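First up is the structure itself, then whatever we jot down about it.
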Amino acid sequence: MTGLLSGSKIWLILLCGMAVVVEGTLGAAEALAPVEDRAIERRPYVVQLQVAFDADQLDARSRDAILLEVRQTAARCVGDLWQLDVNEIDWLGPVNQRGLGRLDLGTLKKHHPQETADIWFIAAINALPVGWRISLRSWQPEVQSETRLVSVDVLDQRDLAVALVRLSRDLFRPMGIVEQVNDRAVRIRMRAGELTAPDPSFEQLVKGEVLVPLLAYRNKEKAIEKLQTIPWTFITVDEVEGSRVSGTVQSGLRMALGGKKRGRIDTLVVALRPQEELTELELLTQTKPPRPLVGHRLEIRTSPILLRPSDEHPEIDPLATLLDEKLTDRRGLCLISADQEHRLVWLFAYSGQHLLARVPFVPGAATTAHLEVSDDTTRLAAEADLQMLQGEIIDAVALRTTAVETIRAAAKKDDWTTVNQKLTLIKERESVSTLRDRLTAVRVAGVAAAKKNRDKGAEARIQRMCDDASTLINVHLGGEKIRLLTEEMEGLQSATKETDEPRRRKP
3 MTGLLSGSKI
13 WLILLCGMAV
23 VVEGTLGAAE
33 ALAPVEDRAI
43 ERRPYVVQLQ
53 VAFDADQLDA
63 RSRDAILLEV
73 RQTAARCVGD
83 LWQLDVNEID
93 WLGPVNQRGL
103 GRLDLGTLKK
113 HHPQETADIW
123 FIAAINALPV
133 GWRISLRSWQ
143 PEVQSETRLV
153 SVDVLDQRDL
163 AVALVRLSRD
173 LFRPMGIVEQ
183 VNDRAVRIRM
193 RAGELTAPDP
203 SFEQLVKGEV
213 LVPLLAYRNK
223 EKAIEKLQTI
233 PWTFITVDEV
243 EGSRVSGTVQ
253 SGLRMALGGK
263 KRGRIDTLVV
273 ALRPQEELTE
283 LELLTQTKPP
293 RPLVGHRLEI
303 RTSPILLRPS
313 DEHPEIDPLA
323 TLLDEKLTDR
333 RGLCLISADQ
343 EHRLVWLFAY
353 SGQHLLARVP
363 FVPGAATTAH
373 LEVSDDTTRL
383 AAEADLQMLQ
393 GEIIDAVALR
403 TTAVETIRAA
413 AKKDDWTTVN
423 QKLTLIKERE
433 SVSTLRDRLT
443 AVRVAGVAAA
453 KKNRDKGAEA
463 RIQRMCDDAS
473 TLINVHLGGE
483 KIRLLTEEME
493 GLQSATKETD
503 EPRRRKP
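For what it's worth, the numbering used here labels the leading residue of the sequence shown as 3, then goes sequentially.
Here it is, written out as C-alpha cells:
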C-alpha cells in the first residue's frame, strides 16, 4: 500500500511538472509570437522613441546614460504596455523646438525606411543658460494622428529621463476597435487592454474621456487602405472593464455608427486629448464658396436636449445646461475655451430664434474648427415677405373691425344709410383673393429656392409659416363674417321698417 501511494505521488508530481512545462511553453510561445499575430487585447504598442541631443553640451557617455535611464524608467512605468525601443538620432537639425516643429512624418520615414511602429516619439534635448529643455512630438500612422509640439524645462540633468517619459505619457493616444453598437451604446476592445501598466498614471482610459471613431477600409491582406473620419461624432467613455470599454455615441448625425460590421470595414477609435487652451470656431454656410455668418448666436451647453418650462413642468430651467453664449464677429469667428470639467460640449447655432445646427464639440482639440450650416437666406427672405404680408393682414383686420363697430353703432341709431354705405365699402375694400395670391407667390418662390439648395429644414419652415398666414386670413378676413353681418343688418332693417309702417298710417 505504501508503495502504491508513493507511486501515485510520483505520478502526481510528474503530471504537475508536465502542466507547468506546458503552461510555460504556451506563455513563452505567446511572448515570442510576432506582435501583429497576437489578439488585439494582448498586443502591445510598438513604440519608437528617437532622441536628438545637443552634442556640444553632452558627451557620448552622458547621452548613453540618459538613454539607459529612459529605458529603465519606461520599463518601471509602462511595463508590457509598450514594446519600446529608445535610440539616439543625429539627423534632426537644429536640435530645438524650431527643428522639431517643422518635422513631418514623410521626413521621419525617410530616415527610418525599414522600421515600423504604432507610435513614433521624436524628442529634442537642448541646453538652456540654466537647465535643459525637452521638446517632443508624436505620430501614430495607423490612425493618422499627429500631436503638436510640447516642451518642458528641467534644471537638473538627472531629471531628463523622468521628464521625457512623462511627456511621452501625455502625448500617448490609446487605440481600440468597436465590436458592438446598439443604438447609441457601443462596446470597444482596447489595444493592449489586457496588459496593465505598473504606474496607474499610464492607464489607457478613464471614465469621461472622449474617443474619435474612424472608419478603416482594409484590403484582402487586412492592411488599412483608407481612413475616413465621421464628422461631428465622438464616443464618451462610460466604463472601463479590463480590455473592454463601454461608451456612448455623441453625434450631430442621426445614424453615425452602423449596427453591423460591413465587409472589410472596421470602426477604430483613438483617444482625443485636447492640447490647446481654446479653439477658434468659424461659422460658415454650406454654399460654394462658403460665406461667413456674421452676428449669429452660439450657445455652449452640456446636453443635446434643450428643455423648456411647460404647464406640467414649470420648474425646468433652460439655463441649467448653458455654459456660455457667444456671437460670431464680422468674419464669422468666435473663441471657445477648453474646460476640463466638460471635455465634450454641445454647440447650438442660431439664426435669430431659428436653430441652424446642434453638434457635439471638444474645445481645445484643434486650434481652428469650421462648422458649416445651411444657408438661411432663403428662409429669411420668405420670412421678410410674410412679415410684410402679415402687416397688411393686420391693417385689413383693424379696418374691418372699425367698420363693423361703426355699422353696429349706426344700426342702433337706425341710421341705415350709414349702415348700407359701410357694408358696401367693406365689400369693395376686402381683397382676400389678392392676399391669398400674394401668399401663394411667397410660398412657391420660397419652397423652390429651398429645394434648389436642398434645404429640407428651410422648406418645412416656409411651408409652416405660409400655413399660419393662410389660417390668419381665413379666420379674420373670411367672407363668412361679412355675410352674417349683412344678413343681421338686413334683418334689423326689415324689422325696423315693419315697426315704423303702422306709425306712418296713423292720422
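Just so it is clear, CB atoms sit at the ideal spot from N, CA and C, and this is done for glycine as well. This one's a predicted model, so the numbers in the text were calculated from it and none came from an experiment.
So residue i is in the beta strand (DSSP E); what residue range does that whole segment cover?
{"i": "Q392", "result": "It is not in any beta strand (DSSP E) - Q392 instead sits in the alpha helix (DSSP H) that spans T379 to K414."}
{"i": "I179", "result": "M177 to N184"}
{"i": "T149", "result": "No beta strand (DSSP E) contains T149, which DSSP labels as neither H nor E."}
{"i": "H356", "result": "H356 to F363"}
{"i": "L169", "result": "Not the beta strand (DSSP E): L169 falls in the alpha helix (DSSP H), residues L162 to L173."}
State buried or exposed for residue i, treating a residue as buried only when at least 16 other CB atoms are found within 10 Å of its CB.
{"i": "I190", "result": "buried"}
{"i": "P202", "result": "exposed"}
{"i": "R256", "result": "exposed"}
{"i": "L229", "result": "exposed"}
{"i": "T436", "result": "exposed"}
{"i": "P215", "result": "buried"}
{"i": "M390", "result": "exposed"}
{"i": "I267", "result": "exposed"}
{"i": "N128", "result": "buried"}
{"i": "S137", "result": "buried"}
{"i": "G195", "result": "buried"}
{"i": "P131", "result": "exposed"}
{"i": "S496", "result": "exposed"}
{"i": "A33", "result": "Model confidence at A33 stands at a pLDDT of 45, short of 50, so the residue's coordinates are unreliable and nothing is read from them."}
{"i": "R175", "result": "buried"}
{"i": "G448", "result": "buried"}
{"i": "Q355", "result": "exposed"}
{"i": "V22", "result": "Summary for V22: the model assigns pLDDT 37, below 50, so the residue's position carries little reliability; its value from the coordinates is reported in the next sentence. Exposed, because fewer than 16 other Cβ atoms sit within 10 Å of the Cβ of V22."}
{"i": "L274", "result": "buried"}
{"i": "V53", "result": "buried"}
{"i": "T287", "result": "buried"}
{"i": "L487", "result": "buried"}
{"i": "D387", "result": "buried"}
In the DSSP assignment, what are the bridge partners of residue i?
{"i": "K328", "result": "L300"}
{"i": "E1", "result": "What the structure shows of the chain is the stretch from 3 to 509, and residue 1 is not part of that stretch, so it cannot be assessed."}
{"i": "F55", "result": "I127"}
{"i": "R246", "result": "R191 and E243"}
{"i": "E284", "result": "L335 and H372"}
{"i": "N89", "result": "Q52"}
{"i": "A218", "result": "L229 and D268"}
{"i": "A273", "result": "L213"}
{"i": "R139", "result": "I124"}
{"i": "Q252", "result": "F236"}
{"i": "W418", "result": "None, per the DSSP bridge assignment."}
{"i": "S153", "result": "S137"}
{"i": "P294", "result": "L286"}
Return the Cβ separation of residue i and residue j in integer angstroms, given the expectation that the two are a contact with Cβ distance under 8 Å.
{"i": "W122", "j": "W141", "result": "5 Å"}
{"i": "E71", "j": "A163", "result": "4 Å"}
{"i": "V555", "j": "L207", "result": "No answer is possible for residue 555: it lies beyond the span of the chain, which begins at 3 and ends at 509."}
{"i": "R333", "j": "P294", "result": "6 Å"}
{"i": "G366", "j": "E278", "result": "4 Å"}
Could you work out which residue in the options is closest to residue i when comparing CA atoms only?
{"i": "A165", "options": "W134, E243, L474 and L300", "result": "W134"}
{"i": "D341", "options": "G334, P291, I302 and L197", "result": "I302"}
{"i": "K458", "options": "D397, D377, D172 and G195", "result": "D377"}
{"i": "M467", "options": "L382, R299, E284 and V132", "result": "L382"}
{"i": "Q2", "options": "L110, V361, S64 and F204", "result": "Outside the shown range of the chain, which is 3 to 509, sits residue 2, and nothing can be said about it."}
{"i": "R299", "options": "V242, K290 and L357", "result": "L357"}
{"i": "K328", "options": "E343, K290 and T281", "result": "T281"}
{"i": "L373", "options": "E394, L349, E489 and D470", "result": "L349"}
{"i": "A62", "options": "A367, L308 and N89", "result": "N89"}
{"i": "L83", "options": "P46, L69 and R73", "result": "P46"}
{"i": "Q182", "options": "T75, I237, G493 and Q99", "result": "I237"}
{"i": "V188", "options": "L151, S253, I124 and I226", "result": "S253"}
{"i": "T404", "options": "E461, L427 and A384", "result": "L427"}
{"i": "D87", "options": "S170, L494, D155 and S147", "result": "S170"}
Just curious, the alpha helix (DSSP H) that residue i is in, first and last residue?
{"i": "R63", "result": "A62 to V80"}
{"i": "V347", "result": "Here V347 belongs to no alpha helix (DSSP H); instead the beta strand (DSSP E) covers V347 to S353."}
{"i": "V208", "result": "Where V208 is concerned, there is no enclosing alpha helix (DSSP H), given that its DSSP letter is neither H nor E."}
{"i": "G459", "result": "K458 to L479"}
{"i": "K224", "result": "It is not in any alpha helix (DSSP H) - K224 carries neither H nor E in the DSSP assignment."}
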